[in-house]
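Undergrad: Residues -3 to 1026 (my numbering) make up the sequence shown, in order.
All C-beta atoms, glycine included, are put in the ideal place defined by N, C-alpha and C.
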Amino acid sequence: MLTVMLLCVGGFLWMAAEYTRWQPLDLTGRIPQVEKYLLPKGLGLSAEKAELFFDDGPVIRVSGLGVTGSDGSLGIFVEQAAIKLAGSQLFLFSVAPKMVEAHGVTLRLVRGVDGISIAGLNLPKTESKDGVVDWLNGLSWNRVWGRLRSVKVADLNLLVRDDVQKAEWVLEQGNMSVYRYDDDGESGTLTAVVRRLYGDAEHLKKLNNVPVLVSFAHAPNADSLGIRGRIDRANADMVTDYFPPQFKDLLKAQGQVEIGTRLLKANVLEQPWLTLRLTDVKVQPPQFSKQLELPELNVTASYVPPEAGVSNTDVLMIKELQAVTQRGSRVTVSGSIVGLQSDPLIDLTMFSPEGELQGLFEMFPDQPRGFAKALAWLKPNIEKGNYQNLSARYAGKPSAFPGCGDACGVLDIDADVTDAEVRFLDDISPARVAKGSFKWRGQTMSVMTGEGRIGNQIAREVTVEMDDIFAETPSLLRVVGRLSGEAGELMAELNKIGESGGKVPQGISGKHESRLSILVPLPRGRPSSFASSTVLVSSSITDVGVKDLPQLKGLAFAAPKADVDFMADKTLRVESAGQLGGNPMKVDVSLNLQPKKPSLMKIAAEGSVAGSWLTMQAPAGVVSVTGVVGVNLALNEDAKGKWNFDVKADGSRAHVAVDMANVTKPVGKPLSLAAKGSYTPSGTVVLDNVDVVGDKLALKGSVKWNPADVDSSIVKLPGVRVGETDVSVDFANNRAVVTGRKLDLSGYDLFKGDEDKQQSTQPENLSVSLKIDEVLMEQGKLNKLDANVKATKGRWDVQNLKALVDGTHKVSVVSTPLRGPGQRKKLDIDIADLGRTLEVMGVYDKLSHGRMTGEITYDTPEVGSGLIRIDDFELKNPPTLVQLLSLLSLEQLLSGSSSTMFEKAVVPVRVNKGVWYLDNASFEGPSMSLRLDGSYKQITKELNFDGKMAPGIPLNRLVSRIPVLGTILAGSQDGVVVADFRLKGTAEKPDINVRPLSVITPGLLKDFWRGVTGSDKKKDATDVTQGRRP
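#1: Between Val801 and Val809, what straight-line distance do the alpha-carbon atoms span, to the nearest angstrom?
#2: Quickly, what does DSSP pair Phe641 with across the bridge? List them, please.
#3: From Val706 to Ala558, what distance separates their C-alpha atoms?
#4: What runs of the beta strand (DSSP E), each 3 residues or longer, lie entirely inside the region 695 to 733?
#5: Between Asn294, Leu713, Val74 and Gln318, which lies nearest to Ala46 when the distance is taken from Cα to Cα?
#6: In the DSSP assignment, the alpha helix (DSSP H) including Lys315 goes from what residue to what residue?
#7: Following a CB-centred definition, is Arg26 positioned closer than 7 angstroms to any heavy atom of the ligand SAM?
#8: Compare the beta carbon distance of Leu356 and Ala319 with 8 angstroms and say whether it is the shorter of the two.
#9: Pull up the CB-CB distance for Tyr390 and Tyr299, whole angstroms please, since I reckon it's below 8 angstroms.
#10: Where Leu877 and Gly776 are concerned, what is the direct C-alpha to C-alpha distance, given to the nearest angstrom?
#11: As a quick exercise: from Asp276, Lys286, His214 and Gln280, pick the residue whose alpha carbon is nearest that of Thr257.
#12: Could you tell me the distance, in whole angstroms, from the CA atom of Gln161 to the CA atom of Arg107?
#13: Applying the criterion that 16 or more other CB atoms from any shown protein chain within 10 Å of the CB defines a buried residue, is Phe420 buried or exposed?
#14: Given 8 angstroms as the limit, is there contact between the region 522 to 540 and the region 432 to 450, that is, 3 or more CB pairs closer than that?
#15: Residues in its own chain within less than 7 angstroms of Arg957 by CB, not counting five upstream and five downstream?
#16: DSSP three-state label for Pro875, please.
#17: Under 6 angstroms Cβ to Cβ from Leu293, same chain only, skipping five residues before and after it: list those, please.
#18: Under 7 angstroms Cβ to Cβ from Ser69, same chain only, skipping five residues before and after it: list those, please.
#19: Let me know the secondary structure DSSP gives Trp141 once reduced to three states.
#20: So which of Glu457, Cys404 and Asn452 has the shortest CA-CA distance to Arg437?
#21: Might you give, ordered along the chain, the residues of its own chain that have their beta carbon closer than 6 angstroms to the beta carbon of Ser535, omitting 5 neighbours on each side?
#22: Taking 8 angstroms as the threshold (C-beta atoms), are Gly381 and Val334 in contact?
#23: Between Glu984 and Asp793, what straight-line distance do the alpha-carbon atoms span, to the nearest angstrom?
#24: Excluding sequence positions up to five away, which residues of its chain have a Cβ less than 7 angstroms from the Cβ of Ala650?
#25: Determine whether the beta carbon atoms of Gly846 and Ile864 lie at a separation below 8 angstroms.
#26: What ranges does the beta strand (DSSP E) occupy inside the region 412 to 498, keeping only unbroken runs of at least 3 residues that lie completely in it?
#27: Exposed or buried, which one is Trp165 when buried takes at least 16 other CB atoms within 10 Å?
#28: According to DSSP, is Ala555 part of a helix, a strand, or is it coil?
#29: Answer yes if the region 93 to 100 comes into contact with the region 141 to 154, meaning at least three C-beta pairs across the two stretches below 8 angstroms, and no otherwise.
#30: Let me make sure I understand the geometry here. Which of Gly541, Asp987, Leu926 and Ile935 has the alpha-carbon closest to that of Val974?
#31: So what's Leu88 in DSSP terms, helix, strand or just coil?
#32: For Ile768, count neighbouring C-beta atoms within 10 Å of its own C-beta (all shown protein chains included) and say buried if the count is 16 or more, exposed if not.
#33: Relative to the C-alpha of Gly816, which candidate in Val785, Asp855, Glu835 and Thr804 has its C-alpha closest?
#34: Use the C-beta contact count for Gln287: other C-beta atoms within 10 angstroms, 16 or more gives buried, fewer gives exposed.
#35: Whole angstroms are fine: how far does the CA of Gln242 sit from the CA of Asp339?
#36: So which of Met945, Lys821 and Leu914 has the shortest CA-CA distance to Lys933?
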């Protein structure tokens, strides 16, 4: 029975299907029932025509379908639609749509603060079906829509209005397909062309009919419906309302635009995410002096603008920003910015796998708020270098900068650095970083090297750190690290610092290990400099060698170790203990390298030096030292270049000879020196205290000597005891006073040496006063010496001299000023025993006895004349006289005698600028008589004399006494036998020429012949070539 019934029903349905295929069933009048069955309460349904027919299942075909809201306004209009119902549901007397197809659908979607709605429709909310997502999740058990498998819409016209972002689009010519699978949920696509209707886009005409692809996805029981839209080859202005106004320039680029969002329960639309895939982006951000050029830029972001009455704060969420810089670096950024239009709060992270450091710095504005100090140093001082694995995060408010201190927020940057050059001072070579790291933590930024180089020095663990970056006050740059290498190269590096060239000692060898610490202030408006920085270097040098150092005067220094410190006050200090010229020496040297400041060098030395080296430092011939001398020296240079010194020396192990003082100290005898004073580059030497003590030697006093201004020099030596000498010396105002008990000049040759050299080294306008009880000479002594001499233009003038030779023989030379123009004076001479006086003085030892008297009148200090007389003296056969007599064959005059007696000598003299002229000087003696005319040049010691000699033989004496015969034979000569001779050349070895015929020629005939030839005429005073008087 049941089978029959089923067959009847099936047959009925088949007949109904076949019938409705050609004669559809009109359901237009049943629309109200359909409305109640399909739509939520409150919504209305209208149709121009509704039909039911079978086409492989029941199908409802509708034309002119409209869905209205509770107020009767139209929300959805469908030109044509077909709803295919699940056939199996008919047996259950239930209608369940299986597939929906529509054509010419028009509706308006409106996004508001509360969610998505269809314009004109007020969708009701229920506990279980309060939105599209809940409806989709309920499809599996919904009795009406649970069988739905697909929805296809052609010619869709969709107006989308976003009241939150203040933008509106029209999607036209749309085709939408949605499919549903029990296990996979729902998914679908929509293709259309889109155009902007209003908004902030600048070129709406260019934004028409742009293809768009929208996709949908909803997983089973998922709490959201994913929606993504993509616009290809679009101007980013299409979505300008979904980015802050600050992105205006960015949105002018061409590329691909994607929009992503989720439809949540209660029809709430999640804030849309926009993805821009742009190329050749050129952006001119605020505070950038030039455009940023990005070959590629992909950004996924969501922007919530401020909403009046809801929130005054806008929010930009950057899901991911990927950019390729002009230098090829790839950068990824994500995070959020809250309050862009007022006081933004930023929380961003960044990552870049590799790139150039300068490219990273170029991404900052020229004057970034708070970062200006750091970038002002980074950009010019890290000119080269690459980074790897750069990660960064900033969270805070830029408005807090600067001066926010620890309240500036979170700022962390980490990166590996390779092949970089980090410059921290222009005066120091940059640090070349082979491999290191860059780190930024809060207010502190640092660049660290694993191993690199600074100049030629190996640099390890060097850290360049900037602190207090966000403080309003200038920051400090801190550099610490370790250096190693050649000591000479380290000194050369230090010598480059701050215009200190030449200050740092060179010629130093060895290996060094150093620690470096530098504080560099970064003042505003001017570059950092060495002068304003604090530089600390602590070095240890091994196998130290120092040579060619001017201060060592040719000595070399060697030591196993030296400590070198460069201190905060720009002082370089070197301490070492080693060998100086092979002798032990401990040294401590410091000098200041402050640019354009004095060196202020300090030298402390304690040890021994070779005596031969000391001899070379003294003027030639002054002192001779052999052996070893212990020294303890302290030298300090002041700001004006003056050197203050404190020196102590121990010469007990040395042999010392002071030729000028005729002092010799053998090895083993004590000798010590202590002196404090100063000397200046101009040559001024000041000994505030000098104390020399030794065997038969003591000297104490003070000295101020200025060779450039002798008048200002002062010498005070109250006690000078050298051997037998015991005097005091007082020099001031270019006048020296020497007084005392005894002055030992034995061993001195006071009149030996180069006259030119003596003249050139004699001081000018120097007065010397001597009052000595006893002066010891090599061949005797002077007692009660009282003398005053003066050096004028390099020549010594005796003002007065009184003494007793050997305590008995009076010597008196007195100068008396004369009236008249110029410096006229008269020099009176009275020497009781000239021979002994000359012998004691070491002047001449071939003269015995003789009293010398006379006077010389000077019209000027260099021009004068006078007469000198010497009585009863004896010549000890000097070589010149012996040679002359030999040439005349008169050697018998000296036979049996070692000297020649003279009863008197009368010498008229003239002096003119160092040349002494003798005018017919006569020397009378029992054995011979001499006449001399000519000159003697005091400076060159040249003789130029013509002379006559008449031997005292009986014939000469007899003839000269016969009245007439004596006149005929002798004439004006001194006898019949008279020889003419000439002396010319140096005083030590003159040339002697004799005219032999003059020996036998009668005197009257000689006088006559000279008258005829003119040889008896007077010559000019200046012509002294032949030695004749003028």
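TA: Judging by the given coordinates:
#1: For Val801 and Val809, the distance between alpha carbons rounds to 13 angstroms.
#2: Leu631 and Gly673.
#3: If I take the Cα positions, the gap works out to 43 angstroms.
#4: Complete beta strand (DSSP E) runs here, min 3: 710 to 718 and 721 to 728.
#5: Among Asn294, Leu713, Val74 and Gln318, the Cα nearest to that of Ala46 is on Val74.
#6: Counting along the chain, no alpha helix (DSSP H) covers Lys315; the unbroken beta strand (DSSP E) around it starts and ends at Val311 to Val320.
#7: Of ligands this structure carries none, so the ligand SAM is not represented either.
#8: At least 8 angstroms separates the beta-carbon of Leu356 from that of Ala319.
#9: Cβ atoms of Tyr390 and Tyr299 stay farther apart than 8 angstroms, at about 19 angstroms.
#10: A direct Cα-Cα distance of roughly 27 angstroms separates Leu877 from Gly776.
#11: For Thr257, the nearest C-alpha among the options comes from His214.
#12: Distance between the alpha carbons of Gln161 and Arg107 is about 9 angstroms.
#13: Flag for Phe420 reads buried.
#14: Contact between the region 522 to 540 and the region 432 to 450 is absent, because fewer than three Cβ pairs lie under 8 angstroms.
#15: At Arg957 the pLDDT is 48, less than 50, meaning the model places this residue with poor confidence and gives no usable figure here.
#16: Helix, per DSSP.
#17: If you ignore the 5 residues before and after Leu293, its C-beta comes within less than 6 angstroms of the C-beta of Leu274, Val277 and Ala319, all in its own chain and listed in chain order.
#18: Around Ser69: Gly116.
#19: Look at Trp141 here: in three-state DSSP terms it is coil, with no helix or strand label.
#20: Of all alpha-carbon atoms in Glu457, Cys404 and Asn452, the one lying nearest the alpha-carbon of Arg437 is that of Cys404.
#21: Closer than 6 angstroms at Cβ, skipping near neighbours: His508, Ser510 and Val560.
#22: It is not a contact, given that the beta carbons lie outside the stated cut-off.
#23: Rounded to whole angstroms, Glu984 to Asp793 spans 25 angstroms at the Cα level.
#24: Excluding positions up to five away in sequence, the list reads Gly607, Val621, Thr622, Gly623, Val624, Val625 and Val663.
#25: Using a Cβ distance threshold of 8 angstroms, Gly846 and Ile864 do not count as a contacting pair.
#26: As far as the region 412 to 498 is concerned, its whole beta strand (DSSP E) runs of at least 3 residues are 427 to 437, 440 to 450, 453 to 463 and 471 to 482.
#27: A residue is called buried when at least 16 other Cβ atoms come within 10 angstroms of its Cβ; Trp165 meets this threshold and is buried.
#28: In this structure, Ala555 counts as strand in the three-state DSSP scheme.
#29: Contact between the region 141 to 154 and the region 93 to 100 is present, because at least three Cβ pairs lie under 8 angstroms.
#30: Considering only alpha carbons, the answer is Leu926.
#31: Only weak support exists for where Leu88 lies, its pLDDT of 43 falling under 50; the coordinates are left without a value.
#32: Flag for Ile768 reads buried.
#33: Per the Cα distances, Asp855.
#34: Exposed, because fewer than 16 other Cβ atoms sit within 10 Å of the Cβ of Gln287.
#35: Approximately 14 angstroms, taken between the alpha carbons.
#36: A check of alpha carbon separations from Lys933 across Met945, Lys821 and Leu914 identifies Leu914 as the nearest.
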